[in-house]
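*Asks:* Top to bottom, those sequences are chains G and P. Heads up, the first sequence is in my numbering, so the first residue is 1 and it goes up one at a time. Heads up, the second sequence is in my numbering, so the first residue is 98 and it goes up one at a time. Glycine residues also receive a C-beta, built at the ideal position from the N, C-alpha and C atoms. Keep in mind it's a predicted model, so treat the numbers as computed, not measured. The structure follows.
2 protein chains.
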Amino acid sequence: MHIGEFQRLIDRMYSERDRRRGAAKTFLWFAEEVGELASAIAKKDEANKATEFADVFAWLVTLANVEGVDLEEAVKKFSEGCPGCGEMVCRCEEKMT
Amino acid sequence: MHIGEFQRLIDRMYSERDRRRGAAKTFLWFAEEVGELASAIAKKDEANKATEFADVFAWLVTLANVEGVDLEEAVKKFSEGCPGCGEMVCRCEEKMT
Chain G
1 MHIGEFQRLI DRMYSERDRR RGAAKTFLWF AEEVGELASA IAKKDEANKA
51 TEFADVFAWL VTLANVEGVD LEEAVKKFSE GCPGCGEMVC RCEEKMT
Chain P
98 MHIGEFQRLI DRMYSERDRR RGAAKTFLWF AEEVGELASA IAKKDEANKA
148 TEFADVFAWL VTLANVEGVD LEEAVKKFSE GCPGCGEMVC RCEEKMT
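Structure below.
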């Protein structure tokens, strides 16, 4: 599934309530899912981990819909290499640890 | 770009350092980007908003690589309708506000 396809799927599924709720309140629900993801990773909860990743992704996409951002367009910054060093295999000195 | 393609692109670009760093430390960098996204939304920083969405997405994908989760597979839970109510246009009573 293309990133754009998924964004449009989520838009059709949730956008009416998302836009009514607005960005700040949508961010709260996104943050809740981020917490659940942290928990699943910390507890090594293999059964639920994938589902928590999916939920965070879906809420990120829903937030992008509310904010009018095309996620597929946005990630083009990575297409030609790391935005930091320009390499397809990153050689940046930052965030090594 | 397919979700899987993006995940593989990020894997090639960052996975050596990601796996050396491990999940918990990778989550810290992901959380930093989530904070930058919150800031861009709160400040209505239109110039940087798309880039912050892209960064959060990239770090989510990098975390999925470290944790061995296929994100494209994981979001199939949404393909046939909202996981909560089963509808393509969600009718859940939860998270309305």
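#1: Taking 8 angstroms as the cut-off, decide whether the C-beta atoms of residue 6 (chain G) and residue 172 (chain P) are in contact.
#2: For a contact meaning CB atoms closer than 7 angstroms, what does residue 64 (chain G) contact in chain P?
#3: Could you list which residues in chain G have their beta carbon closer than 8 angstroms to that of residue 144 (chain P), in chain order?
#4: With the cut-off set at 8 angstroms, would you say residue 98 (chain P) and residue 10 (chain G) are in Cβ contact?
#5: Would residue 114 (chain P) pass as an interface residue toward chain G - the criterion being a Cβ-Cβ separation below 8 angstroms?
#6: Return no unless some Cβ of chain G is closer than 8 angstroms to the Cβ of residue 169 (chain P).
#7: Name the chain G residues whose beta carbon is nearer than 7 angstroms to that of residue 140 (chain P)?
#8: Would residue 56 (chain G) pass as a contact of residue 18 (chain G) if the rule is Cβ separation under 8 angstroms?
#9: Could you check which residue in G:24, G:27, G:53, G:46 has the C-alpha nearest to that of residue 37 (chain G)?
#10: When we look at the beta-carbon of residue 169 (chain P) and count the other beta-carbons within 10 Å, is it buried (16 or more) or exposed?
#11: Between the alpha carbons of residue 161 (chain P) and residue 167 (chain P), how many angstroms are there, rounded?
*Replies:* Looking at the atomic coordinates:
#1: Position 6 of the first sequence, counting from 1, holds the residue named residue 6 (chain G). Position 75 of the second sequence, counting from 1, holds the residue named residue 172 (chain P). Yes, they are a contact pair.
#2: Counting from one through the first sequence, the residue named residue 64 (chain G) turns up at place 64. Within 7 angstroms Cβ-Cβ: 150.
#3: The sequence position of residue 144 (chain P) within the second sequence is 47, counting from 1. Neighbourhood of residue 144 (chain P) in chain G, by CB distance below 8 angstroms: empty, with the nearest CB roughly 12 angstroms away.
#4: Reading the second sequence from its first residue, position 1 is the one you call residue 98 (chain P). Reading the first sequence from its first residue, position 10 is the one you call residue 10 (chain G). No, the Cβ-Cβ distance between residue 98 (chain P) and residue 10 (chain G) is not below 8 angstroms.
#5: In the second sequence, counting from the first residue as 1, residue 114 (chain P) sits at position 17. It does: the Cβ of residue 114 (chain P) has a partner Cβ on chain G nearer than 8 angstroms.
#6: The count along the second sequence starts at 1 and reaches residue 169 (chain P) at position 72. Chain G contact via Cβ: present.
#7: In the second sequence, the residue the question calls residue 140 (chain P) occupies position 43. Near residue 140 (chain P) there are no residues of chain G at all, since even the closest Cβ is about 12 angstroms away, more than 7 angstroms.
#8: On the first sequence, residue 56 (chain G) is found 56 positions in, with the first residue counted as 1. On the first sequence, residue 18 (chain G) is found 18 positions in, with the first residue counted as 1. In this structure, residue 56 (chain G) lies away from residue 18 (chain G), with their beta-carbon atoms at least 8 angstroms apart.
#9: Numbered from 1 along the first sequence, position 37 holds the residue referred to as residue 37 (chain G). Comparing alpha-carbon positions, the option among G:24, G:27, G:53, G:46 lying closest to residue 37 (chain G) turns out to be G:53.
#10: Numbered from 1 along the second sequence, position 72 holds the residue referred to as residue 169 (chain P). Buried is the label assigned to residue 169 (chain P), since at least 16 other Cβ atoms lie within 10 Å of its Cβ.
#11: Along the second sequence, one-based indexing puts residue 161 (chain P) at 64. Along the second sequence, one-based indexing puts residue 167 (chain P) at 70. One C-alpha to the other measures close to 7 angstroms.
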